[in-house]
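Asks: This is the structure I want to talk about, given as structure tokens.
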Ligand SMILES: [Zn+2]
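In our numbering, the protein residues as written are 439 to 628.
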């Protein structure tokens, strides 16, 4: 969403302030947030792509352990399970700030929906089987109509959803790159 005028309560002001505090040259302040790179926007919001990538990896680990618990204790309390996603709140906050600075519509919903899809893109119609069950049997029948056999649900929220998912993947990619580099350095030191 492009805005031609800035409302007084715009988060843009906060982004500018963050830039000023970070000591970035004033010429950068004139760049439209929509045109700034994701990394710049994240840094202005107090994050870096590597930090968000790290938080996402932690969240993925927490999610996996919750999913494992859910399989072994199907009647476990949902609140108890969700409380184990300790990294969820900070990830959502970072993504929402990024989306707000990018002037994407409905930043909060976008953040929640995209992060949930990123964690679990499983097609709900076939529960990731890729095919419908033959009624009354455990056998797989026709290809799932919802996902066409891909086992994945359709990506949510169109263009904005795609941009958000790209940003998340990019952060994880950068995180992995820097982990590899660190490992490489420590291996070649001794
Ligand atoms: Zn499906």
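Beta carbons: idealized from backbone N, C-alpha and C, even for Gly. All of these numbers come straight from a predicted model, not from anything done at the bench.
Just checking: is the beta-carbon of residue 516 within a distance shorter than 8 Å of some beta-carbon in chain B?
Replies: Checking the listed chains, one finds no chain B in this structure; it contains a single protein chain.
Asks: Going by DSSP in three states, residue 575 sits in which element: helix, strand or coil?
Replies: Correct three-state label for residue 575: coil.
Asks: Hey, is residue 580 close to ligand 1, as in C-beta under 7 Å from one of its heavy atoms?
Replies: no
Asks: Ligand 3 and residue 589: does the residue's C-beta get closer than 7 Å to at least one heavy atom of that ligand?
Replies: Looking for ligand 3 in the displayed structure turns up nothing; the ligands present are ligand 1.
Asks: Answer with buried or exposed for residue 605, where buried requires no fewer than 16 other C-beta atoms within 10 angstroms of its C-beta.
Replies: buried
Asks: Classify residue 580 as helix, strand or coil using the three-state DSSP reduction.
Replies: Strand, per DSSP.
Asks: When the Cα of residue 498 is compared with those of 557, 544, 550, which residue comes out closest?
Replies: 557
Asks: Which residues in the same chain have their Cβ closer than 8 Å to the Cβ of residue 500, if we skip the five residues on either side of it in sequence?
Replies: 522, 523, 524, 525, 526
Asks: Would you call the CB atoms of residue 385 and residue 528 closer than 8 Å?
Replies: Past the edges of the chain, shown from 439 to 628, lies residue 385, and the structure says nothing about it.
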